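Visitor:
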Amino acid sequence: MLAILCPCQSGKTFSECCAPVIAGEVPADSAEALMRSRYTAFTQANEAYLLESWHQSTRPTTLDLAGGEPAPKWIGLQVRQHLQTGENTAIVEFVARYRVGGRAHRLHETSRFVREGHRWYYVDGDIHE
Numbered sequence: 001m002l003a004i005l006c007p008c009q010s011g012k013t014f015s016e017c018c019a020p021v022i023a024g025e026v027p028a029d030s031a032e033a034l035m036r037s038r039y040t041a042f043t044q045a046n047e048a049y050l051l052e053s054w055h056q057s058t059r060p061t062t063l064d065l066a067g068g069e070p071a072p073k074w075i076g077l078q079v080r081q082h083l084q085t086g087e088n089t090a091i092v093e094f095v096a097r098y099r100v101g102g103r104a105h106r107l108h109e110t111s112r113f114v115r116e117g118h119r120w121y122y123v124d125g126d127i128h129e
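For the record, in the sequence shown the residue sitting at position 67 is 67 according to UniProt numbering, with numbers rising by one throughout.
1. Which residues mark the beginning and the end of the beta strand (DSSP E) in which T58 is found?
2. I need the straight-line Cα distance from E52 to G102, nearest angstrom please.
3. Output the distance between the C-alpha atoms of A3 and E32, rounded to the nearest integer angstrom.
4. Using the Cβ count rule (16 or more neighbours within 10 Å means buried), how would you classify R80?
5. Is there contact here, the region 110 to 129 with the region 20 to 36, by at least three beta-carbon pairs under 8 Å?
6. Out of D29, F42, Q78 and R99, point me to the one whose CA is closest to V114's CA.
7. I need the DSSP call for E129, collapsed to helix, strand or coil.
8. First and last residue of the beta strand (DSSP E) that includes L77?
9. What are the boundary residues of the alpha helix (DSSP H) that includes F113?
10. With a 10 Å radius around its C-beta and 16 neighbouring C-beta atoms as the bar for buried, classify R38 as buried or exposed.
11. In three-state DSSP terms, what is V92?
12. Pop quiz: I22 and A41 are said to be a contact at Cβ under 8 Å. What is the actual Cβ separation, rounded to whole angstroms?
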């Protein structure tokens, strides 16, 4: 059986990287791991996981990933920085590349994460121009 590399570009296979986190089998062990799993969920249009991994204080009630025509094709992730800012807080700076209608775009964001219990959650982020 052919091993599929994880879309988050960790260099690991999907089954040993983001799959168990997205499936709820194990919690993300760091804010970076959660961010990578969320990127992978975007590549799969997995709205349920994206909402579940979003902190309840800032979580939207719904996402409409299929609403935009045409849908983005996610093509790459680069983690620029992962910084533990406190015992239960962290930031992750990343650049995610995608295509819409053949045009290349990039999302450069510094995201904030919080850990409650043993689980990391995405809180919000600042988009860089």
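Ideal Cβ placement from N, Cα and C applies to all residues, glycine included. Since this is a predicted model, take the numbers as computed values, not measurements.
Guide: Looking at the coordinates:
1. Secondary structure note for T58: it is in no beta strand (DSSP E), with a DSSP letter that is neither H nor E.
2. Distance from the CA of E52 to the CA of G102, rounded to the nearest whole angstrom, comes to 31 Å.
3. Rounded to whole angstroms, A3 to E32 spans 23 Å at the Cα level.
4. The residue in question, R80, is exposed, as its Cβ has fewer than 16 Cβ neighbours within 10 Å.
5. Contact between the region 110 to 129 and the region 20 to 36 is present, because at least three Cβ pairs lie under 8 Å.
6. Relative to the Cα of V114, the nearest Cα in the group D29, F42, Q78 and R99 belongs to D29.
7. Reduced to three states, the DSSP call for E129 is coil.
8. That run of the beta strand (DSSP E) goes K73 to G86.
9. Here F113 belongs to no alpha helix (DSSP H); instead the beta strand (DSSP E) covers R103 to E116.
10. Taking all protein chains in view, the Cβ of R38 is crowded by 16 or more other Cβ atoms within 10 Å, so the residue is classified as buried.
11. V92: strand per DSSP, three-state reduction.
12. That belief holds up - the Cβ atoms of I22 and A41 are roughly 6 Å apart, short of 8 Å.
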